[in-house]
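Residue numbers (the numbering used here): 16 to 344. By construction, the Cβ of each residue, glycine as well, lies at the ideal position given by its N, Cα and C atoms. Keep in mind the model is a prediction, meaning the values are calculated, not measured. Comments concern the structure below.
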């Protein structure tokens, strides 16, 4: 529970005088410096500096691209990778920022290689190779500053792989249903790897936002293709598979060991979109009166969203009560 909101509730419930409320706030140290602020601020600045340095180098190279030879371009990009890794070994305190710079430079090397030699490789193969080369860097950094962009690269590779093996189309097609199912499962696997399970967090230290970003991309891949399958007369039954997987997501993220409000809201939003999309398909197909159909759909949508919000609040309160019970002596 938020301490500030809890104190406001106590002041209102017991009618505390202003000086009593101020004493309660002082006891809770609401006006003091957040714990470990200096440590987190230093880490954030290091990561931000590495990212800005990498972006600056990329922009400088882009501005001077015509004036550089092929060998100079490769030497510059590869030298940036080597120097960043060497700097991370030399300065462990700046490891996250320097390895992030090396990871971004790896992407630049692969992009330049693909443009220079025109190997015919699909884009997903370059992203998959980038993820494979960046995995040792992310493991060495042991920080969410690397795992977050790494998860974005992996999810991009999965999406491009699905698109390449589904006839280079982003929509759902019954002929490529198995490809979409494999893509959904791979994306779910990435989200599980970065989930808040204590054993995984101890090994990876990926952080909450890596998990949330991977879950957002996994659900972002699942939801649109499921809706496309719904409105396609040849692949409508596959909508049920997407709805089932979204329900499993919601059940899993509501478990105590991986409970996260952001993830729970994402799963609830995905379920709402899929259910409302299914209702829209049923109502529009059954009624010819467009105005009446939209009124009914709007009413049902409001009820569904309100029910989801109530369920989320109930789950959050239950989780907070469980935590309070576990922390009590």
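Assigned secondary structure, residue i (DSSP; H/G/I helix, E/B strand, else coil)
i: residue 241; result: helix
i: residue 30; result: coil
i: residue 296; result: helix
i: residue 222; result: coil
i: residue 165; result: helix
i: residue 149; result: helix
i: residue 137; result: coil
i: residue 87; result: helix
i: residue 312; result: helix
i: residue 184; result: coil
i: residue 212; result: coil
i: residue 227; result: helix
i: residue 107; result: helix
i: residue 287; result: helix
i: residue 82; result: helix
i: residue 142; result: helix
i: residue 41; result: helix
i: residue 252; result: coil
Contact test: residue i Cβ vs the ligand GTP heavy atom, cutoff 7 Å
i: residue 179; result: Inclusion of the ligand GTP in the displayed structure is not the case, the ligand content being empty and no account of it being possible.
Pair within 8 Å by beta-carbon distance, residue i and residue j
i: residue 210; j: residue 273; result: yes
i: residue 257; j: residue 244; result: yes
i: residue 65; j: residue 113; result: yes
i: residue 286; j: residue 262; result: yes
i: residue 280; j: residue 327; result: yes
i: residue 182; j: residue 174; result: no
i: residue 149; j: residue 165; result: yes
i: residue 161; j: residue 118; result: yes
i: residue 84; j: residue 120; result: no
i: residue 11; j: residue 260; result: Because the chain here runs from 16 to 344, residue 11 falls outside it and cannot be looked at.
i: residue 169; j: residue 205; result: yes
i: residue 126; j: residue 146; result: no
i: residue 199; j: residue 167; result: no
i: residue 276; j: residue 207; result: no
i: residue 288; j: residue 298; result: no
i: residue 202; j: residue 231; result: no
i: residue 271; j: residue 337; result: yes
i: residue 39; j: residue 56; result: no
i: residue 323; j: residue 283; result: yes
i: residue 152; j: residue 224; result: no
i: residue 246; j: residue 185; result: no
i: residue 313; j: residue 242; result: no
Where the alpha helix (DSSP H) through residue i begins and ends
i: residue 273; result: Residue 273 -> no alpha helix (DSSP H), and no H or E assigned at all.
i: residue 127; result: 110 to 132
i: residue 158; result: First-last for residue 158: undefined, no H or E at that position.
i: residue 201; result: 192 to 208
So, does the segment 188 to 199 touch the segment 208 to 215, judging by three or more C-beta pairs under 8 Å?
Short answer: they don't touch.
Using a Cβ distance threshold of 8 Å, determine whether the segment 135 to 147 contacts the segment 89 to 98, with at least three qualifying pairs required.
No contact exists between the segment 135 to 147 and the segment 89 to 98.
Report yes or no: do three or more beta-carbon pairs, one from the segment 153 to 162 and one from the segment 103 to 112, lie closer than 8 Å?
Verdict: yes, contact present.
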